[in-house]
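Participant: Pasting in a structure now, in structure tokens, and then I'll have a few things to ask.
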Amino acid sequence: MPGKRARRHFSQLSEFERGLIIRMKTASWSTRRVAGQVDRSECAVRNCWEQWARESILQKQILNPSALSEWNVPDWQKVGFSDEFRFVLGTDDKRVRVWRRPGEQYNTPHTVLRHTARTAGVMVWGAIAYDSRSTLIVLHGTLTGQSYIDDIFRPHDQLKRQMPSCHRVHDLELAVQDFWAHLPEDDIRCLINSMPDRVAACIAAGVGPTRY
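Next up, the structure:
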């Protein structure tokens, strides 16, 4: 292992890298697989995961709406967000959507929150922070693990609206990777800066659907 890479391999983890490790371990990835993705030693990954498991500070904060309501924009700029999403071939992803006029009240029973499609496509996982983003990871097979606790906003919605029509899974995978790499950093920052308003809207809706 070259000297420069070796120093990085064992150097202190950044907060963003810690977030990536926690998300991948939460999704039941092996320590070896996570270490390979973040280019760190298995020992560093294991220590990071064990520390998070002992403290569980992040999970308690995320699950406490009243605590989040006190966060300001600089607080959110220190947070990393991750999510996974499935892009499908064609324009119909078999989801049912409800269209509402501006100002129309949301009716929770009429909101479909589940995905029922059995269509060929690509499942990807990625993470973003205010000044950085992870490599977009293509997930082959079924992703297991507990439900994500930070499914707050989805930058892949921007990608999907711009996606060209693809007829092969391989072409779709390349297109998704290309759009992720060129997603403007200003768009990501705008999303993160809007988090105080998003949390306020979520609390006002009783943790139900919002206009976001």
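Throughout the sequence shown, residue numbering follows my numbering, covering 16 to 227 in sequence.
Glycine included, every Cβ here is placed at the ideal spot set by N, Cα and C.
Starting from Gly-141, trace the beta strand (DSSP E) in both directions and tell me its first and last residue.
Facilitator: 136-144
Participant: I need the straight-line Cα distance from Val-49 to Gly-141, nearest angstrom please.
Facilitator: 13 angstroms
Participant: Grouping DSSP H, G and I as helix and E and B as strand, with all else coil, what is Leu-35?
Facilitator: helix
Participant: Taking only the alpha-carbon atoms, compute the straight-line gap between Val-4 and Cys-217 and give it to the nearest angstrom.
Facilitator: As displayed, the chain neither begins before 16 nor continues past 227, which places residue 4 out of reach and without an answer.
Participant: Could you work out which residue in Ala-144, Cys-63, Thr-150 and Val-60 is closest to Phe-235 when comparing CA atoms only?
Facilitator: Residue 235 cannot be examined here, being either before or after the span of the chain that is shown, 16 to 227.
Participant: Can you tell me where the beta strand (DSSP E) holding Leu-154 begins and where it ends?
Facilitator: 152-154
Participant: What is the DSSP secondary structure of Ala-220, counted as helix, strand or coil?
Facilitator: coil
Participant: Going straight from the alpha carbon of Val-60 to that of Pro-199, what length do you get?
Facilitator: 30 angstroms
Participant: Evaluate Leu-206 with the Cβ neighbour count: other Cβ atoms within 10 Å of its Cβ, from every protein chain shown; 16 or more gives buried, anything less gives exposed.
Facilitator: buried
Participant: Which partner residues does Ser-97 have in the DSSP bridge list?
Facilitator: Ala-142
Participant: With 16 other CB atoms within 10 Å as the buried threshold, where does Gly-51 fall?
Facilitator: exposed
Participant: Near Glu-57, which residues of its chain fall below 8 angstroms by C-beta distance, leaving aside the five closest residues on each side in sequence?
Facilitator: Thr-46, Arg-47 and Ala-50
Participant: Identify the residues that DSSP records as bridge partners of Val-103: which are they?
Facilitator: Gly-136
Participant: Can you give the Cα-Cα distance for Asp-165 and Arg-183, rounded to whole angstroms?
Facilitator: Reliability of the predicted coordinates at Asp-165 is poor, the pLDDT of 33 falling under 50, and no value is obtained from them.
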